[in-house]
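Here is the structure we will look at, set down as structure tokens.
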Amino acid sequence: MNINIKKLNKVVIFGVGLIGGSFALALKKHAAVKHIVGVGRSQSSLARAVTLGIIDVACSNLADALDGADLLLIAVPVAQTESIFHAIYPYLQKQTIVTDAGSTKGDVIAAARRILAEKIGQFVPAHPIAGAEHSGPEAAMVDLYQGKKVVITALPENTHSALHLVASVWQGCGAIPHYLNSEQHDQIFAAVSHLPHVLAFALMNKIAEQPEADLYFQYAASGFRDFTRIAGASPEMWRDITMANRDVLQAELVQYQAQLQQISVALRQANSDQLLAIFSKAQAARQRLICSSS
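Going by our numbering, the sequence shown opens with residue 312, and the numbers climb by one from there.
Next up, the structure:
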């Protein structure tokens with residue numbers, strides 16, 4: 312898919328790991344940008360990103376990095392976003408559109424309103440629905456976003472041209488833009504993304520804390536591996552996500568515990584009919600999910 316806007320002159324990416332690095336590779340593949348600048352906390356990660364051809368140059372001077380930039384992508388753990396807003400504000404030029412890839416939106420938008428102030432219209436919040444359990448520049452994949460959704464939570468202050476730029480750049484990476492408000496976004500992703508990660512982390516810890524954990528893991532087959540694959544994701548990133556969306560996530564955990572309680576009661580009562588009903592309902596929902604996404 313080719314990007315449907317004129318070629319960008321300069322894109323700046325904060326965070327050149329899986330998300331930011333894959334974004335850069337996709338733009339390069341489609342020749343959608345002349346120059347990509349990487350910024351981040353780890354100089355070694357930035358150096359690897361240059362060596363791997365993900366970015367053209369690493370820059371530690373924000374004034375130089377942002378000078379003449381068309382687009383700035385913030386692709387770091389969400390807890391770092393507020394400090395990045397503070398850092399970029401003095402150097403944010405009028406033509407530069409800022410977007411992010413954070414998994415929570417309410418907290419990010421609130422921080423942007425406090426810090427970017429009169430420049431808030433230049434920030435277009437977004438969240439690509441793609442990922443993997445690995446991190447760092449080496450994890451970047453040129454086709455990570457191909458056919459995947461990207462949710463844009465537009466602000467009232469965003470201009471049509473700013474929204475078009477962000478949407479079309481993600482389309483150029485192969486993604487399909489969808490639009491939600493920030494409250495819808497955080498509620499939905501607490502249920503279908505944040506909760507599953509918490510459950511995977513919890514199950515891994517539950518087994519790892521067994522006295523004979525190594526023996527248990529020796530017999531862990533595909534079902535266990537599939538269920539816990541996402542527990543290999545960045546602990547720092549998921550700490551930040553769960554803290555940022557903790558109120559909604561807590562409500563989801565309560566509802567999940569209620570489901571587990573139903574199963575516990577059925578087991579205690581040896582109620583095989585109830586177990587069959589619970590499992591059948593889940594199987595039907597899973598089949599609908601697969602059919603709707605095929």
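Glycine included, each C-beta is placed from N, C-alpha and C at the ideal position.
Classify residue i as helix, strand or coil using the three-state DSSP reduction.
i, result
"LEU382", "strand"
"THR410", "strand"
"GLN529", "helix"
"ILE314", "Residue placement at ILE314 is poorly supported in this model, since its pLDDT is 43, which falls under 50; the coordinates are not used for a value here."
Between the C-alpha atoms of residue i and residue j, what's the straight-line distance to the nearest angstrom?
i, j, result
"ALA511", "ILE463", "27 Å"
"VAL565", "ALA450", "34 Å"
"HIS489", "LEU587", "37 Å"
"ALA421", "GLN580", "48 Å"
"GLN561", "GLY331", "29 Å"
"PRO448", "VAL348", "14 Å"
"ALA358", "LEU329", "15 Å"
"ALA360", "ILE366", "6 Å"
"ALA596", "LEU363", "42 Å"
"ALA473", "GLN433", "7 Å"
"GLY543", "ASN516", "12 Å"
Going by C-alpha distance, which of the options is nearest residue i?
i, options, result
"LEU373", "ALA422, ASN556, GLY351", "GLY351"
"ALA502", "ASP558, GLY364, THR407, ASP454", "ASP558"
"ASP411", "VAL435, GLU563, GLY328", "VAL435"
"ILE395", "ILE426, ASN582, SER414, LYS430", "ILE426"
"MET548", "TYR402, LYS321, HIS445", "HIS445"
"HIS496", "PHE538, HIS508, ASP418, ILE541", "ASP418"
Locate the beta strand (DSSP E) running through residue i, then write down its first and last residues.
i, result
"PRO507", "No beta strand (DSSP E) contains PRO507, which is instead part of the alpha helix (DSSP H) from 506–519."
"VAL322", "319–325"
"TYR490", "487–490"
What are the boundary residues of the alpha helix (DSSP H) that residue i is part of?
i, result
"PRO401", "Element bounds for PRO401: n/a, residue is neither H nor E."
How about residue i: is its Cβ closer than 8 Å to a heavy atom in the ligand PLP?
i, result
"ALA343", "Among the components of this structure there are no ligands whatsoever, and the ligand PLP is therefore not found."
To test your reading of the DSSP string, which unbroken beta strand (DSSP E) runs of 3 or more residues are found completely within the stretch 422–460?
Runs of beta strand (DSSP E) with 3 or more residues, each lying fully within the stretch 422–460, are found at 437–439, listed in chain order.
Could you tell me which whole alpha helix (DSSP H) segments of length 4 or greater appear in the stretch 330–387?
The DSSP assignment places complete alpha helix (DSSP H) segments of no fewer than 4 residues inside the stretch 330–387 at 354–362, 373–377, in order along the chain.
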